[in-house]
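A.B. asks: Can you keep this structure in mind? I'll have questions shortly.
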Amino acid sequence: MSATGIADAEAARSYEIEEDKFDRWNSKHNTSKEVTQIREKDANDDDELSIGGRNTNQNGSEELPKLKRELKSRHMQMLAMGGTIGTGLFIGSGTALQNGGPVGCLLGYLLVALIVFCVIISLAEMCTLFPVSGSFTHYAARFVDPALGFAQGWNYFYCWGIAIPLELVAAGIVITYWDTKTNIAVYITVFFALIVAINLLGTKMYGETEFWLSGLKVITILGLLILGIVLILGGGPTHDRIGFRYWKEYGVLNQYNDIPGSLGRFLAVWSTFVNGAFSYSGSELVAVTAGESKDPRRNIPKALKKVFVRLVVLYCGSVFVIGVLVPYNSPQLVSAATSASTAAASPFVIFIKNAEIKVLPDIINAVILTAVLSAANSDLYAASRTLYALSTQTSSMTPKIFKRVPKTGPFKNLPVWCVIATSLLGFLAYLNLSSGATVVFNWLVNLSTIAVLLTWCFICVSYLRFFYACKVQNLNRDELPFKGPFQPYLAWTGTIATSLIILFSGFYVFLEGNWSVSSFLTAYLGAPIYATMYFGYKFIMKTSIIPLAEIDIQTGRNDSDIQLAQREGEQSWLKRVYSAVL
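Taking my numbering, the leading residue of the sequence shown gets 572, the next gets one more, and so forth.
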């Protein structure tokens, strides 16, 4: 075996050692005295080494169950792509174009992409050093305050849990493009059963399914980008060379709510930020897979960076193309923004119909259906793994059954109870069949976008605490397996930017004639709920913010971290270029 192969083998063995260290850390640095007492009681109550799927060591103290590492780098990349590319791009981009105009929409998506870059670079550094399942909860509890870990975990669980019924409803509506006679509840039931079955078949099956579904979406978007460029240059059936005609005729920026001057144009751009955040939500999903990924120290930063680059190219490229081919004041776009999520509501289909291409609308609608199902699949995975992380790190507030992982049988190494419990949220999709319940359902869905922004904000906050703890404890970040560039400036930028978007996300409510109690609550209820979870847990469990000097930044690290970082730094320039591009 070569020296490189030996180093890889040693690194792989070190991951199991590292997990044991994490278990000991969780036992030593519990979230509160009350949690410690509860765990000690659990240990005393267990007389056998394995009871109900929960393992104990020979001393009787509890060891947290481990999830099997079955996700490769390609799975992780496509998982994040699949969780991100959905109705936000195919449908939501039309609303952003209508509000901001072509350049305003493009600026909004580019600026949100910058925020996402700040988040994933911060996340990559923590994930490669401490690769654990449900990383957001762990880092917030470990580097800031156990109460923040609790709030972050349940916030993220809600974010993806409520998205499951949303995507199921969207999938049912998409089907009505072909079948208007069958009750939509039938299709919701079929799709619901399908995604639950995929998640229950295991992580490997989920990863493979998501890989191919996401691949189909990426190929379709690339095809649409090429088609759009051809149409811009006059290569369509009508041979109409559109160029930048609509930009010259109607302008590049909209006047939001007909407010004149620079203020109206500024608000037009600002209004696209929430749409952009909804579209990019899921780009951080790679970190959720940290506990189930092979060779996470190399695969996680690689996957995060590649996912970011691909999403920016696909999203911003798509927004540019539709901004050139579809006027932002088009009657088709205005009606599509208020219609159901079928192919008719997609700006891609609008420019295809304008070009008089007959076959593609059906194909695009099929891809939208695939995108929605893929997103629902990722939603269930992300929410269930977040629930599992909560059960292992905040056991006093989460039923113990959720941390049971079968060691044998068809659900081996799968947090099956978390998957089953999370899937129950899918039944909320049937609420949308009632006109009265639809209002409440839409409230819950709209709150999920703010939940995403809150998650991004406190990922950056967690990193800032980690960064300054390294300074106080004299830890050389050059020795880390991945050192994020431009830190801590990126983390500060992400924290401030997400806070501003959250603070002013409901600005439209305060414009003359726009006041609505439901709109106000939808825009601003998310932050108070998050704060209530944080302070409520803090009050009940008597937790406190961990001093920088006492933050544990050593447990779980080993010498293989430095060896891997050094070996990767010694790669030839050709290998580095290949890795960066592919």
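Virtual Cβ for every residue (Gly too), placed ideally from N, Cα, C.
#1: Excluding sequence positions up to five away, which residues of its chain have a Cβ less than 6 angstroms from the Cβ of L985?
#2: Thinking G1077 and S1089 are a contact (beta carbons under 8 angstroms), I'd like their distance in whole angstroms, please.
#3: I893: which of K924, F1029 and I871 sits nearest, CA to CA?
#4: Is DSSP giving A953 helix, strand or coil here?
#5: For I766, I'd like the list of residues in its chain whose CB is within less than 6 angstroms of its CB, leaving aside the five on either flank, ordered along the chain.
#6: In terms of residue numbering, what span does the alpha helix (DSSP H) encompassing T979 cover?
#7: Measure the Cβ-Cβ separation of C887 and L737 and say whether it is below 8 angstroms.
#8: Of the residues K788, L1018 and I691, which one's Cα is nearest the Cα of L944?
#9: Taking only the alpha-carbon atoms, compute the straight-line gap between V845 and T1020 and give it to the nearest angstrom.
#10: By the three-class DSSP mapping on this structure, what secondary structure does H709 have?
#11: Can you tell me the Cα-Cα spacing of A711 and L668, whole angstroms?
#12: When DSSP labels each residue in this structure, what does Q723 get in the three-state scheme?
#13: Inspect the CB distances between the stretch 751-765 and the stretch 1027-1043 and report whether three or more fall short of 8 angstroms.
#14: Is the beta carbon of I769 sitting closer than 8 angstroms to the one on T780?
#15: Do the stretch 1045-1052 and the stretch 1099-1111 make contact, defined as three or more Cβ pairs closer than 8 angstroms?
#16: With a 10 Å radius around its C-beta and 16 neighbouring C-beta atoms as the bar for buried, classify Q723 as buried or exposed.
#17: Give me the Cα-Cα distance between I735 and L1074, rounded to the nearest whole angstrom.
#18: Kindly list the residues whose CB is nearer than 7 angstroms to the CB of L660, restricted to its own chain and excluding five residues on each side of it in sequence; keep chain order.
#19: Roughly how many angstroms separate the alpha carbons of V880 and K1042, rounded to a whole number?
#20: Less than 8 angstroms between the beta carbons of V690 and E927, yes or no?
#21: Taking 7 angstroms as the limit between beta carbons, can you name the residues of its chain near F891, skipping five residues before and five after?
#22: Could you give the DSSP three-state label for M968: helix, strand or coil?
#23: Between A684, G672, T658 and V674, which has its C-alpha nearest A1068's C-alpha?
#24: Are the CB atoms of P1154 and V823 nearer to each other than 8 angstroms?
C.D. replies: In short:
#1: For L985, where only same-chain residues beyond five positions count, the Cβ hits under 6 angstroms are G773.
#2: Not a contact, Cβ separation roughly 11 angstroms.
#3: Looking at K924, F1029 and I871, the one whose alpha-carbon comes closest to that of I893 is K924.
#4: Of the three classes helix, strand and coil, the one that applies to A953 here is helix, per DSSP.
#5: Closer than 6 angstroms at Cβ, skipping near neighbours: A947, N948 and L951.
#6: Looking at the DSSP string, T979 is not in any alpha helix (DSSP H), and its letter there is neither H nor E.
#7: Going by C-beta atoms, C887 is not nearer than 8 angstroms to L737.
#8: Selected option, being the one with the closest Cα: K788.
#9: Rounded to the nearest angstrom, the two C-alpha atoms are 7 angstroms apart.
#10: If DSSP states are grouped into helix, strand and coil, H709 belongs with the helices.
#11: So the alpha carbons of these two residues sit roughly 36 angstroms apart.
#12: In this structure, Q723 counts as helix in the three-state DSSP scheme.
#13: Contact between the stretch 751-765 and the stretch 1027-1043 is absent, because fewer than three Cβ pairs lie under 8 angstroms.
#14: Closer than 8 angstroms, so yes.
#15: Below 8 angstroms, too few C-beta pairs join the stretch 1045-1052 and the stretch 1099-1111 to call them touching: fewer than three.
#16: Buried.
#17: Looking at the backbone, the Cα of I735 and that of L1074 are separated by about 26 angstroms.
#18: Excluding residues within five positions, the ones whose Cβ falls inside 7 angstroms are S850, Y886 and S889.
#19: Going from the Cα of V880 to the Cα of K1042 covers about 30 angstroms.
#20: No, the pair does not count as a contact, with Cβ atoms beyond the cut-off.
#21: For F891, the CB contacts under 7 angstroms within the same chain, skipping 5 residues up- and downstream, are L677 in chain order.
#22: Note: M968 maps to coil in three-state DSSP.
#23: Among A684, G672, T658 and V674, the Cα nearest to that of A1068 belongs to A684.
#24: No answer is possible for residue 1154: the residues shown for the chain start at 572 and end at 1153.
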